[in-house]
Amino acid sequence: MRPRRLAFLALLGWRNLWRRPGRTAVLLAAVAAGSWTMVVSAAFMRGAIDQVVEETIRNLTGHVQVHAPGYRDDPVVDHRMPPPSPALRRALDAPGVRAWAPRVRVPAVVASERESAGVVLVGIDPAAERGLSFIPGAVVRGRGLEGPGDPGILLGRRLARHLETRVGKRVVVMSQDAANVIASRGFRVVGVFGARLEATEKAFAFTGIETAQRMLGIGGDISEIALAVTDRGRIAPVLRRLRAAAPDLDVQPWNVLEPILGLRVAFSQRFSVIWYLIVFLAMAFGLVNTLLMAVFERTREFGLFRALGMRPGAVVAQVLLEAFFLLALGLAAGNLAAVLTVAASGEGIDVSAFARGAALAGLGHVIPLEWTAGDALAANLLVIVLGMAAALYPAWRAARTLPVESIARASA
Numbered sequence: 001m002r003p004r005r006l007a008f009l010a011l012l013g014w015r016n017l018w019r020r021p022g023r024t025a026v027l028l029a030a031v032a033a034g035s036w037t038m039v040v041s042a043a044f045m046r047g048a049i050d051q052v053v054e055e056t057i058r059n060l061t062g063h064v065q066v067h068a069p070g071y072r073d074d075p076v077v078d079h080r081m082p083p084p085s086p087a088l089r090r091a092l093d094a095p096g097v098r099a100w101a102p103r104v105r106v107p108a109v110v111a112s113e114r115e116s117a118g119v120v121l122v123g124i125d126p127a128a129e130r131g132l133s134f135i136p137g138a139v140v141r142g143r144g145l146e147g148p149g150d151p152g153i154l155l156g157r158r159l160a161r162h163l164e165t166r167v168g169k170r171v172v173v174m175s176q177d178a179a180n181v182i183a184s185r186g187f188r189v190v191g192v193f194g195a196r197l198e199a200t201e202k203a204f205a206f207t208g209i210e211t212a213q214r215m216l217g218i219g220g221d222i223s224e225i226a227l228a229v230t231d232r233g234r235i236a237p238v239l240r241r242l243r244a245a246a247p248d249l250d251v252q253p254w255n256v257l258e259p260i261l262g263l264r265v266a267f268s269q270r271f272s273v274i275w276y277l278i279v280f281l282a283m284a285f286g287l288v289n290t291l292l293m294a295v296f297e298r299t300r301e302f303g304l305f306r307a308l309g310m311r312p313g314a315v316v317a318q319v320l321l322e323a324f325f326l327l328a329l330g331l332a333a334g335n336l337a338a339v340l341t342v343a344a345s346g347e348g349i350d351v352s353a354f355a356r357g358a359a360l361a362g363l364g365h366v367i368p369l370e371w372t373a374g375d376a377l378a379a380n381l382l383v384i385v386l387g388m389a390a391a392l393y394p395a396w397r398a399a400r401t402l403p404v405e406s407i408a409r410a411s412a
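Per UniProt numbering: the sequence shown = residues 1 to 412.
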């Protein structure tokens, strides 16, 4: 189709769009509301999922972990590994890795004067944990661990409450050592830490990594190495480097270490597509209905165009251009509203009214809206492509108009 003819049809379609301004405004509002819903819901879902993932990563998981074979199936002291080799250390210090830390991590029992509880005893280097886990900034009472040889112990608030102990008191920790004998050691509680999830406060106890190694009699061996990358998009190349540097060790990303969370992320991505389609179907009914009404109202007009020599393809193009203008204007308004909504949300949406349920889902009291150009582009392309496809039926009906019959019907 020649550019001049296309420009004429576009001008005709634009003018026809405003012959019924009330009906056009209603449909524009529907398209704008639909696109706003798509973009804002995608931003909310992305913010929620990213928050859960980051909380899990900070909750000792990291983006990647390195273990001895068999440790993930049976996390006991027998499944330990030596300190990182020079090749592995070079891979850990390579660009893309934000922080990494060795740990000793074994099941244990901690007992106070009154109560006892099963925990995971984690020996850490506090300096290495900065930028990797929540522990360095989580102390709410007492002090944090001061080095890898710190002989004190950190307990979670819920665990300290259950044990009926406090900072300055002593507890006894028991676990199986390298000789498969129960090893026990007295620890002074030097601090109490808080976490977003109560389960974390009940599950873990922390001490210096060298203290844990001496207690278990494992020399310089460790249970795991956890690391955080600078960007989640760099996990794959970091994995390849680590596996090449330590082929005899088990190197896994966070979604394998936390398979349920990985499934949640995959499900949320699929749900976004389903939600987009549901919103689009609601818009499509309005679009098709409006265009069909316009076609029936302009039967005589289309008949005259055909009688004057307009080809069916030009009629189809005219109706499709009207649909395109409707969709483009509605999307522009919806995208603008979505951008303003995200900007006005500040740090995010306050869901403190549902704090208990949010905590169970691993969410905080505020969920950020993480808007991305990719999400907006996907929503807009879906609306444009499927919207134009939905407009084909009214356009086809208009193109089938016979000049004599349409003029006679309009004159009757």
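Even for Gly, the Cβ is constructed at its ideal location relative to N, Cα and C.
| Check | Outcome |
| --- | --- |
| C-beta neighbour in chain C for Pro107, strict 8 Å | Note that chain C does not occur in the displayed structure, where there is just one protein chain. |
| Short Cβ contact (8 Å threshold) for Val229 with Val109 | no |
| contact_flag[the stretch 198-211, the stretch 101-120] where n(CB pairs < 8 Å) is 3 or more | yes |
| DSSP beta-bridge partners of Gly219 | Gly219 is not bridged to any residue. |
| Unbroken beta strand (DSSP E) run spanning Val110, endpoints | Val97 to Ala111 |
| Phe134 to Asp125 span [Cα, whole Å] | 13 Å |
| Three-way DSSP call (helix, strand, coil) for Val76 in this model | coil |
| Bridge-paired residues (DSSP) for Thr207 | Gly123 |
| Any 3 or more C-beta pairs closer than 8 Å across the stretch 231-244 and the stretch 24-31 | no |
| Cα-Cα separation, Gln65 to Val122 | 15 Å |
| Buried or exposed by the 16-neighbour rule on C-beta atoms within 10 Å, applied to Phe193 | buried |
| Nearest neighbour of Gln213, chosen from Phe324, Ala179, Arg311 and Trp18 [CA to CA] | Ala179 |
| Nearest residue (CA-CA) to Pro82, options Leu216, Glu224 and Phe324 | Glu224 |
| Status (buried if at least 16 other CB within 10 Å, exposed otherwise) for Asn289 | exposed |
| Heavy atom of the ligand MG within 7 Å of Ala127 beta-carbon | Ligands are entirely absent from the displayed structure, and the ligand MG is therefore not among its contents. |
| Pro368, buried or exposed, once every other Cβ within 10 Å from all chains shown has been counted against 16 | buried |
| Thr211 to Arg264 span [Cα, whole Å] | 37 Å |
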